[in-house]
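Student:
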Amino acid sequence: MSTGQITVTATPAEVAAALADLSAMVEWSGAAAVTVIERDDAGRPTRARWRESYGPLRDEFVLQYKWAPDGVSWWLLEGRILKRENGRYQLDALGGGRTRVTYSLEIGIGMPVPACIRRRVESILIEATLKALKNQALKTRP
Numbered sequence: 062m063s064t065g066q067i068t069v070t071a072t073p074a075e076v077a078a079a080l081a082d083l084s085a086m087v088e089w090s091g092a093a094a095v096t097v098i099e100r101d102d103a104g105r106p107t108r109a110r111w112r113e114s115y116g117p118l119r120d121e122f123v124l125q126y127k128w129a130p131d132g133v134s135w136w137l138l139e140g141r142i143l144k145r146e147n148g149r150y151q152l153d154a155l156g157g158g159r160t161r162v163t164y165s166l167e168i169g170i171g172m173p174v175p176a177c178i179r180r181r182v183e184s185i186l187i188e189a190t191l192k193a194l195k196n197q198a199l200k201t202r203p
């Protein structure tokens, strides 16, 4: 599992709200489409279908989400190309309206990939996603 961190000038609740808005993720992530299948009593997604493209390859997969006071975890339920995706956003309040976001990710596809290449891809995804999340949280902050 690969991990990265970023500090965001937004509260943990504001960052969590940006993460819970899966339909907006299409605008700031690499997703082609996201459809929420189920929500919890608080209205947060608990299951969603994603469509993504990796160059000429297209994939569709379903993620299950578990929300906690300090972040959200998810794991892959089904996928065609993607065979494993386990992730977590840990949100730690730093005071002064700032949050440290720790993003952990482990992915796997349906073919053998050397661990060093898999970790590099995970690191690239983490870095790009954290920057995009920071921008989105700042953009949607009241």
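Taking our numbering, I'd label the letters of the sequence shown as residues 62 to 203. Backbone N, C-alpha and C define an ideal beta-carbon position, used for all residues, glycine too.
1) Look at R100 and A81 and say whether their C-beta atoms are less than 7 Å apart.
2) Could you give the residue range of the alpha helix (DSSP H) that holds A176?
3) Rounded to whole angstroms, what's the CA-CA distance from L138 to L199? Just pull it up for me.
4) Which value, in whole angstroms, describes the spacing of the CA atoms of A154 and I187?
5) For S84, name the three-state secondary structure that DSSP assigns.
6) Should V97 and L83 be called a contact, given that it needs their Cβ atoms to be closer than 7 Å?
7) I want to check one thing, is the minimum distance from the CB of N147 to the heavy atoms of the ligand SAH below 6 Å?
8) Quick check on DSSP: helix, strand or coil for P106?
9) Below 7 Å between beta carbons: does that hold for A193 and W111?
10) So what's A71 in DSSP terms, helix, strand or just coil?
11) Whose CA, out of P203, G132, T201, T163, lies closest to the CA of S63?
12) In terms of alpha-carbon separation, which member of T72, G65, V95, W136 lies closest to G156?
Tutor: Concretely, from the data shown:
1) No, the pair does not count as a contact, with Cβ atoms beyond the cut-off.
2) Unbroken alpha helix (DSSP H) run through A176: 176 to 201.
3) Roughly 31 Å separates the two Cα atoms.
4) Per the coordinates, the alpha-carbon of A154 lies some 20 Å from the alpha-carbon of I187.
5) Helix.
6) Contact check for V97 against L83 passes: the beta carbons are separated by less than 7 Å.
7) Absence of the ligand SAH from the depicted structure is noted, as is the absence of any ligand whatsoever, leaving it without description.
8) Three-state DSSP puts P106 in a strand.
9) Not in contact: A193 and W111 (Cβ atoms no closer than 7 Å).
10) The DSSP-derived three-state label of A71 is coil.
11) Taking S63 as reference, the option from P203, G132, T201, T163 with the minimal CA-CA separation is T163.
12) When C-alpha distances from G156 are compared across T72, G65, V95, W136, the shortest belongs to T72.
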